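This report refers to the structure that appears directly beneath it.
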Amino acid sequence: MSIFGSIMNKIFHHKPAAEGQAPASQAPSPPQAQPAPQASAPAPATPAAAPATAAPAQAVDVGRVLEEMAAMKDGGGNYRSSIVDLLKLLDLDSSLSARKELAGELGVHAGADGSAEQNIALHKAVMAKLAENGGIVPDSLRD
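Residue numbers (my numbering): 4 to 146.
Next up, the structure:
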């Protein structure tokens with residue numbers, strides 16, 4: 004999965020702690036039911052693949068999700084403007100090589116690799132791309 008794909012997955016599929024616990028208790032039931040209808044596995048595979056490439060069925064409030072994640076991590080650093088802190092908040096690789104790869108994915112060619120200029124441009128590009136993919140991104144995260 005691409006780095007931007009991982010960012011989208013972490014944000015668009017984030018469940019608040021209270022909601023995350025309920026599906027976890029229900030999760031063992033579907034895997035137990037799946038081994039029996041193994042012959043019909045191709046049918047479930049198609050719907051499972053579609054959400055990964057399509058925009059979320061319901062718009063995701065990116066600002067709210069990031070605020071919730073930051074609250075669980077003692078503030079989350081400066082994720083509102085720093086691509087490094089945003090990646091760390093999402094538990095993703097924030098190394099220079101990962102940021103170079105992300106810049107390539109998003110077509111960001113601002114400043115030298117790892118420079119403040121590039122990192123700011125990356126953050127803006129990520130927020131713009133999240134909005135393009137159905138995320139509700141507040142202006143405070145776009146600037």
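Here a beta-carbon is modelled for each residue, glycine too, at the ideal position from N, C-alpha and C. From a predicted model like this one, the values you see are computed outputs, not experimental measurements.
Can you have a look at residue i and say buried or exposed, based on whether 16 or more other CB atoms are within 10 angstroms of its CB?
i	result
A106	buried
D146	exposed
D142	exposed
I14	buried
L144	buried
R102	buried
L89	buried
A61	Inspection of the sequence shows that residue 61 is occupied by Gln rather than by Ala. By the neighbour-count rule (16 or more Cβ atoms within 10 Å), Q61 is not buried but exposed.
Would you kindly report the start and end of the unbroken alpha helix (DSSP H) that includes residue i?
i	result
M75	V65 to M75
H126	A119 to E135
A101	L99 to L109
S9	I6 to F15
R145	D142 to R145
K91	I86 to L92
Can you round the beta-carbon distance between residue i and residue j to whole angstroms, since I take them to be within the 8 Å contact cut?
i	j	result
L133	I86	13 Å between Cβ atoms; not a contact.
L69	L92	7 Å
M75	H17	M75 to H17, Cβ: 10 Å. No contact.
I139	D64	5 Å
N122	M11	That belief does not hold up - the Cβ atoms of N122 and M11 are roughly 19 Å apart, past 8 Å.
Between residue i and the ligand PLP, is there a pair consisting of the residue's CB and a ligand heavy atom that are separated by less than 7 Å?
i	result
L69	Ligands are entirely absent from the displayed structure, and the ligand PLP is therefore not among its contents.
Three or more C-beta pairs closer than 8 Å, one from the region 108 to 125 and one from the region 72 to 81: is that the case here?
-> The region 108 to 125, when compared against the region 72 to 81, does not touch it at the 8 Å Cβ threshold.
Evaluate the contact criterion for the region 5 to 18 versus the region 121 to 139: three or more CB pairs, one atom per stretch, below 8 Å.
-> Contact holds between the region 5 to 18 and the region 121 to 139, because three or more Cβ pairs, one in each stretch, are under 8 Å apart.
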